[in-house]
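Asker: First to last, the protein sequences are chains A and B.
Heads up: the first sequence begins at 1 in the UniProt record's numbering, then just goes up one per residue.
Heads up: the second sequence begins at 1 in the UniProt record's numbering, then just goes up one per residue.
Cβ coordinates follow ideal geometry from the N, Cα and C atoms, glycine included.
All of these numbers come straight from a predicted model, not from anything done at the bench.
Quick one: the structure is below, questions incoming.
There are 2 protein chains.
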Amino acid sequence: MDSIKIFAPATVANVACGFDIFGFAVDAPGDEVIVRKRTDKQIVITQITGDEGKLTYDISKNTVSVPILKYLQYTQISEGFDIELHKKMPLGSGLGSSSASSVAGVFAVNELLGKPLVSKDLLPFSMEGERVACGSAHADNVAPALLGGFVVVRSYNPLDVFKVPTPSELFVTIVHPDIEVNTKDARHILRNEVSMKNTIAQMGNVAGMIAGLMQADYQLIANSMIDFIIEPVRAILIPEFFEVKNAALDAGALGCSISGAGPSIFAFSKGLETAEKVGIAMKSSFEKVGIIANAYVSGINQEGPKIIG
Amino acid sequence: MDSIKIFAPATVANVACGFDIFGFAVDAPGDEVIVRKRTDKQIVITQITGDEGKLTYDISKNTVSVPILKYLQYTQISEGFDIELHKKMPLGSGLGSSSASSVAGVFAVNELLGKPLVSKDLLPFSMEGERVACGSAHADNVAPALLGGFVVVRSYNPLDVFKVPTPSELFVTIVHPDIEVNTKDARHILRNEVSMKNTIAQMGNVAGMIAGLMQADYQLIANSMIDFIIEPVRAILIPEFFEVKNAALDAGALGCSISGAGPSIFAFSKGLETAEKVGIAMKSSFEKVGIIANAYVSGINQEGPKIIG
Numbered sequence: 001m002d003s004i005k006i007f008a009p010a011t012v013a014n015v016a017c018g019f020d021i022f023g024f025a026v027d028a029p030g031d032e033v034i035v036r037k038r039t040d041k042q043i044v045i046t047q048i049t050g051d052e053g054k055l056t057y058d059i060s061k062n063t064v065s066v067p068i069l070k071y072l073q074y075t076q077i078s079e080g081f082d083i084e085l086h087k088k089m090p091l092g093s094g095l096g097s098s099s100a101s102s103v104a105g106v107f108a109v110n111e112l113l114g115k116p117l118v119s120k121d122l123l124p125f126s127m128e129g130e131r132v133a134c135g136s137a138h139a140d141n142v143a144p145a146l147l148g149g150f151v152v153v154r155s156y157n158p159l160d161v162f163k164v165p166t167p168s169e170l171f172v173t174i175v176h177p178d179i180e181v182n183t184k185d186a187r188h189i190l191r192n193e194v195s196m197k198n199t200i201a202q203m204g205n206v207a208g209m210i211a212g213l214m215q216a217d218y219q220l221i222a223n224s225m226i227d228f229i230i231e232p233v234r235a236i237l238i239p240e241f242f243e244v245k246n247a248a249l250d251a252g253a254l255g256c257s258i259s260g261a262g263p264s265i266f267a268f269s270k271g272l273e274t275a276e277k278v279g280i281a282m283k284s285s286f287e288k289v290g291i292i293a294n295a296y297v298s299g300i301n302q303e304g305p306k307i308i309g
Numbered sequence: 001m002d003s004i005k006i007f008a009p010a011t012v013a014n015v016a017c018g019f020d021i022f023g024f025a026v027d028a029p030g031d032e033v034i035v036r037k038r039t040d041k042q043i044v045i046t047q048i049t050g051d052e053g054k055l056t057y058d059i060s061k062n063t064v065s066v067p068i069l070k071y072l073q074y075t076q077i078s079e080g081f082d083i084e085l086h087k088k089m090p091l092g093s094g095l096g097s098s099s100a101s102s103v104a105g106v107f108a109v110n111e112l113l114g115k116p117l118v119s120k121d122l123l124p125f126s127m128e129g130e131r132v133a134c135g136s137a138h139a140d141n142v143a144p145a146l147l148g149g150f151v152v153v154r155s156y157n158p159l160d161v162f163k164v165p166t167p168s169e170l171f172v173t174i175v176h177p178d179i180e181v182n183t184k185d186a187r188h189i190l191r192n193e194v195s196m197k198n199t200i201a202q203m204g205n206v207a208g209m210i211a212g213l214m215q216a217d218y219q220l221i222a223n224s225m226i227d228f229i230i231e232p233v234r235a236i237l238i239p240e241f242f243e244v245k246n247a248a249l250d251a252g253a254l255g256c257s258i259s260g261a262g263p264s265i266f267a268f269s270k271g272l273e274t275a276e277k278v279g280i281a282m283k284s285s286f287e288k289v290g291i292i293a294n295a296y297v298s299g300i301n302q303e304g305p306k307i308i309g
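Printed below as a string of structure tokens:
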């Protein structure tokens, strides 16, 4: 095998109450990366599409190539690759766009080389793509993009992530409004301290979310989708956030919050039909004030990256 | 039925990472309460044993009678009862002593009256006993004493608690050193703010503990038994804390932390044999510096209060 085409999924990080520790993968959208072996030892980004010219071809700065460089350094494998990156989701959308590219690239190279490492071991390299994109090596998008499913980043030092089973009737609606929020800004407006009261309330919801997912207790999931720490601060960066959230809840969503750093907003629903209704309601709530928005409805993607060619 | 004798269990609150939200019940120790119907409408505490004379017979101030008064007020039942309270565990030990008494009393009265309320509905009344004991109506001891098992207090407003299944080979060792820590002091030394970094790390462990318990993943339970927020502060109130903790870990415990506000220290182990070894190691660590300590080894009590006569 000399070339491979990989799809890696978009991801929703934070998931209301789990700032920096929760994330899950969706079936769509996602990025596509094609990697081809070269006869020399060069790493070359040959094509980038879907980025409106915003991403660099510099392999030391692009989120698709940095994890590959780190991977080759770690495994001491000396091979060259051409990389095509096809962005199939908006940049800076809060959907883990950079993570999808990071994961797709390093997953592709690992496959082409005959899988010297198991998927989970690709995580540290993929996280280096996050560092390029947002300044720090977060795992809450990368880990679910790589492993699929609903993932908890229990600890960063040492790095420890695990998957949580999710109920089969849990569907997600993601609405991406056509506005820009910079991930670095979204981090900078957060406070460095949290009140003990909010910490306790948030821990209660984190526990509730895990138990709710594992027991397929939709009411417990709904009750636990309250964010006392991040949403109240970041919501101000997203025009119409509370109107859109209320529209989702009114349409039957279990809960609704910001996807990652925003501006995308996600909602959980029980059943595909409700999730679709919720999408229409959220989209139309944005459109009422003239903001164009795309809606995606999906189950929880359990697979992570996949070979599509 | 004119009289009843109830056992209600000791409880371990906080459970390392779950300050104010986690608690579980043990098989022993526990308090015993005897309640007898009176022919008049009076509520009278007729006998208290095991308290070294420290508890009041004033029904408006004793943790065993206050929940009963609130219960009768709420249900608008006009009956009189004699109450005997037999403390079978040390006061101010961090083992939920006041909660056991609160739960035993109101559970007894509800049984004697033919169970007008289900157990879970007794929680708000039992919490009023906590308010008398420590100034605020916490639920992390009362809820597991009442419901049995490992309990999460997801939210206080509205009050929402749920049980988490625990693995059958999970045993607890509790060591109570003969020193005094006042619960109010133990609360007052806590800061009102938590760093964002510690909040995130603690949430990761809360998620890990719930998933570890539900999946019987003992390694995940062990990894998650790290408290970044409370233990570092309260440990200074307990002489030899870190030596005792290290002794527990060296003897094979999964993890070890302060029980409630202390001074009791608890450890989780996989298997009864390890839990017993851990108890010997912890006790002897205290005794090395001349502190007398009692050790208890138990499974997780799934039953809560029980009728014993």
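#1: Could you tell me whether any Cβ in chain B is nearer than 8 Å to the Cβ of A261 (chain A)?
#2: Let's test the definition: count the other Cβ atoms within 10 Å of the Cβ of K245 (chain A) and tell me whether it reaches 16, buried, or not, exposed.
#3: Determine the burial state of V142 (chain A): buried for a count of at least 16 other Cβ atoms within 10 Å of its Cβ, exposed for fewer.
#4: In the DSSP assignment, find the unbroken alpha helix (DSSP H) run with A139 (chain B) in it and report its ends.
#5: Please state whether the Cβ-Cβ distance between G149 (chain B) and T166 (chain B) is less than 8 Å.
#6: So who's on the other strand from S257 (chain B), going by DSSP bridges?
#7: Quick one: which chain C residues come within Cβ less than 9 Å of F19 (chain B)?
#8: Going by C-alpha to C-alpha distance, which of A:L220, A:L95 and A:L159 sits closest to L159 (chain B)?
#9: What are the boundary residues of the alpha helix (DSSP H) that L237 (chain B) is part of?
#10: In angstroms with no decimal places, state the Cα-to-Cα distance between M214 (chain B) and F24 (chain B).
#11: Compare the C-beta of N223 (chain A) against all C-beta atoms of chain B and say whether one is closer than 8 Å.
#12: Looking at the unbroken alpha helix (DSSP H) that takes in K288 (chain A), where does it start and where does it end?
#13: DSSP puts P177 (chain A) in a beta bridge; with which residues?
#14: When you compare the CB of R234 (chain B) with every CB in chain A, is at least one pair closer than 8 Å?
#15: Counting only beta-carbon separations shorter than 8 Å, does I307 (chain B) have a partner in chain A?
#16: Touching or not, the stretch 199-216 of chain A and the stretch 125-132 of chain A, by the rule of three or more beta carbon pairs under 8 Å?
#17: Would you grab the beta carbon distance between M282 (chain B) and A248 (chain B) for me? Rounded to a whole angstrom, and I think it's under 8 Å.
#18: How would you write the range of the alpha helix (DSSP H) that L159 (chain B) sits in, first residue to last?
#19: Do E231 (chain A) and F286 (chain A) have their C-beta atoms within less than 8 Å of each other?
#20: In three-state terms, what does DSSP make of A16 (chain A)?
#21: Just tell me which of B:K120, B:Y71, B:G135 and B:L91 has its CA closest to the CA of V109 (chain B).
#22: Looking at D27 (chain B) and N223 (chain B), is the spacing between their C-beta atoms short of 8 Å?
#23: List, in chain order, every chain B residue whose beta-carbon is nearer than 9 Å to that of L190 (chain A).
#24: Who does Q47 (chain A) pair with in a DSSP beta bridge?
Answerer: Put simply:
#1: no
#2: buried
#3: buried
#4: No alpha helix (DSSP H) holds A139 (chain B); DSSP gives it neither H nor E.
#5: yes
#6: B:F266
#7: Of the chains in the structure shown, none is chain C; the protein chains are A and B.
#8: A:L220
#9: Counting along the chain, L237 (chain B) falls outside any alpha helix (DSSP H), and DSSP gives it neither H nor E.
#10: 14 Å
#11: yes
#12: Per DSSP, K288 (chain A) belongs to no alpha helix (DSSP H) and is neither H nor E.
#13: A:A293
#14: no
#15: no
#16: no
#17: 5 Å
#18: Element bounds for L159 (chain B): not the alpha helix (DSSP H) but the beta strand (DSSP E), L159 to V164.
#19: no
#20: coil
#21: B:Y71
#22: no
#23: M196
#24: A:E84
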